[in-house]
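Structure, as structure tokens:
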Amino acid sequence: MANIQVYRFPEGKVESREADVSSLGKRPHRRVMREAVLMYEANRRAGTHSTKTRAEVSFTNKKPWAQKHTGRARAGTRRSPLWRKGGIIFGPKPRDYGWDMPRKALRAAARSALLGKFLDGEVKALDGVSLEKPSTKRIAAALAALEVGGGALLVLPARDDVFYRSARNIEGVTVRTAAEVNAWDLLAHRNVVLVNGAFAPLLEAAVAGGESGGKDAR
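In my numbering, the protein residues as written are 9 to 226.
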């Protein structure tokens, strides 16, 4: 069992609640979490770096000087990599750095990351949130009451555009639905805040699947 703090709307009260996290396992597996983070980071790389070879630099093909009797070393073209502003030898070209992991491993990484958050006491909850119009002030006040600092991942049970517009301008805050959460999201934020009963769908997604993974998670 894990103890989490719950902020109740609209009363503004903070109370403690226990959550059963036995389905997440006994301990986090660091290796699989590390592999998942490396994969997500690699898939986020643009890979647009590019250098020019001797065939691509903008120089004439005219021979700089005569082959003999000048006292200089022979030279055939200013495009040579030996010359200043010449072509680059084995320079980087655009490429795809992305790679995939098995979905079973990605789910294991998400379970381990979520379990680690519960064990470290970094999971909190917001209950009874019902906003008719966007209100960043109310969401920020709730996070302050829960003493959420250093970044937070707000997890919704389903898509809520009003809540998203309320929280998107808060520095360090990211909003995801339970089905979208992956290991990188959990590990990139100090705190995880479950909104309006997102615990059950998040647990189901981590245990049974449903998280986005591999190159689809760019």
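Where is the CB? At the ideal position from N, CA and C, for every residue including glycine.
What does the alpha-carbon distance come out to for the pair residue 1 and residue 195? Nothing in the structure corresponds to residue 1, since the chain is present only between 9 and 226.
For the 8 Å Cβ check, are there 3 or more pairs between the region 44-54 and the region 76-87? no
For residue 51, which three-state DSSP category applies? By 1-based counting over the sequence shown, the position of residue 51 is 43. Of the three classes helix, strand and coil, the one that applies to residue 51 here is helix, per DSSP.
What whole-angstrom Cβ distance do residue 118 and residue 190 have, given they're in contact under 8 Å? As a first step, residue 118 is located in the sequence shown; it is residue number 110 there, counting from the start. As a first step, residue 190 is located in the sequence shown; it is residue number 182 there, counting from the start. The pair is a contact, with the Cβ atoms about 6 Å apart (cut-off 8 Å).
Integer Cβ distance of residue 165 from residue 100, believed to fall under 8 Å: Here the question's residue 165 lines up with position 157 in the sequence shown. Here the question's residue 100 lines up with position 92 in the sequence shown. Contact doesn't hold; Cβ gap of about 44 Å is too wide.
Just the Cα atoms here: how many angstroms apart are residue 44 and residue 192? Numbered from its first residue, the sequence shown carries residue 44 at position 36. Numbered from its first residue, the sequence shown carries residue 192 at position 184. About 7 Å.
Bridge-paired residues (DSSP) for residue 182: Position 174 of the sequence shown, counting from 1, holds the residue named residue 182. Bridge partners of residue 182: 161.
Per DSSP, the bridge partner or partners of residue 135: Counting from 1 along the sequence shown, the entry for residue 135 is found at position 127. Answer is 16.
Measuring only the C-alpha atoms, how far is residue 46 from residue 9? Position 38 of the sequence shown, counted from the first residue, corresponds to residue 46. Position 1 of the sequence shown, counted from the first residue, corresponds to residue 9. Each residue's alpha carbon lies about 30 Å from the other.
If you follow the alpha helix (DSSP H) that residue 212 is part of, which residue opens it and which one closes it? Translated into the one-based positions of the sequence shown, residue 212 becomes position 204. That run of the alpha helix (DSSP H) goes 207-216.
Would you mind giving the Cβ-Cβ distance between residue 197 and residue 185, rounded to the nearest angstrom? I have them listed as a contact below 8 Å. Position 189 of the sequence shown, counting from 1, holds the residue named residue 197. Position 177 of the sequence shown, counting from 1, holds the residue named residue 185. Not really, about 15 Å apart at Cβ, beyond 8 Å.
For residue 173, collect the residues of the same chain with a Cβ closer than 6 Å to its Cβ; drop the 5 residues on either side in sequence, then sort them by chain order. The sequence position of residue 173 within the sequence shown is 165, counting from 1. The answer, listed in chain order, is 142.
If contacts are defined as beta-carbon pairs under 8 Å, then residue 94 and residue 64 qualify, I think. What distance do you get, rounded to the angstrom? Taking the first residue of the sequence shown as position 1, residue 94 is located at position 86. Taking the first residue of the sequence shown as position 1, residue 64 is located at position 56. At roughly 11 Å, the Cβ-Cβ gap does not stay under 8 Å, so residue 94 and residue 64 are not in contact.
Distance between beta carbons of residue 134 and residue 160, contact taken as under 8 Å: Residue numbering aside, residue 160 sits at position 152 when the sequence shown is read from its first letter. Residue numbering aside, residue 134 sits at position 126 when the sequence shown is read from its first letter. Not confirmed; about 11 Å, so no contact.
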